[in-house]
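Residue numbers (the working numbering): 14 to 149. A virtual CB, placed ideally from N, CA and C, is assigned to each residue, including glycine. Just so you know, these numbers come straight off a predicted model, no measurement behind them.
Here it is in structure tokens:
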């Protein structure tokens, strides 16, 4: 007597390896194509510019239309020059950043921008750049 197992030709076999491969490729594609942009809690309408350059900055500072400041996630309404200088010095000491990206609203008061730039220079910021949006 010969005992043989019969294989059922209608039996389905689920092979997960190609599915895992495809999912890993999709995950890598999504990770590589996503942009990691830090935002602030302040509503800023950036001015347009024809030329621009992407740079990496450690310290993000925003100025709204009323001249209020936001450093990273910290909202600083009605901040005076000396307070701003002290806050920037503390932030630079924590982050060890020498570069700053300024997100000034298109209608931000010129005096607020100048005060921030002066306080940043006094605090030791070596590189100040302005964020703009590209023209369509």
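- Taking C-beta atoms under 8 Å as the contact rule, residue 82 and residue 129 qualify, at a distance of about 7 Å.
- According to the DSSP assignment, residue 94 belongs to the alpha helix (DSSP H) that extends over 94-108.
- Out of 131, 39, 142 and 124, the CA that lies nearest to the CA of residue 79 is found in 124.
- Under the three-state reduction of DSSP, residue 46 is assigned to helix.
- Residue 97 and residue 113 have their C-alpha atoms some 14 Å from each other.
- In the structure shown, residue 119 falls within a coil segment according to DSSP collapsed to helix, strand and coil.
- Taking the C-beta atoms as reference points, residue 45 is found no nearer than 9 Å to residue 77.
- Boundaries of the beta strand (DSSP E) harbouring residue 140: 140-143, taken from the DSSP string.
- Checking the DSSP bridge columns, you'll see residue 113 partnered with 72 and 141.
- Per DSSP, reduced to three states, the secondary structure at residue 40 is helical.
- About 11 Å separates the Cβ atoms of residue 84 and residue 107, ruling out a contact at the 8 Å cut-off.
- The alpha-carbon separation between residue 139 and residue 28 amounts to approximately 57 Å.
- For residue 129, the secondary structure class from DSSP, reduced to helix, strand or coil, is helix.
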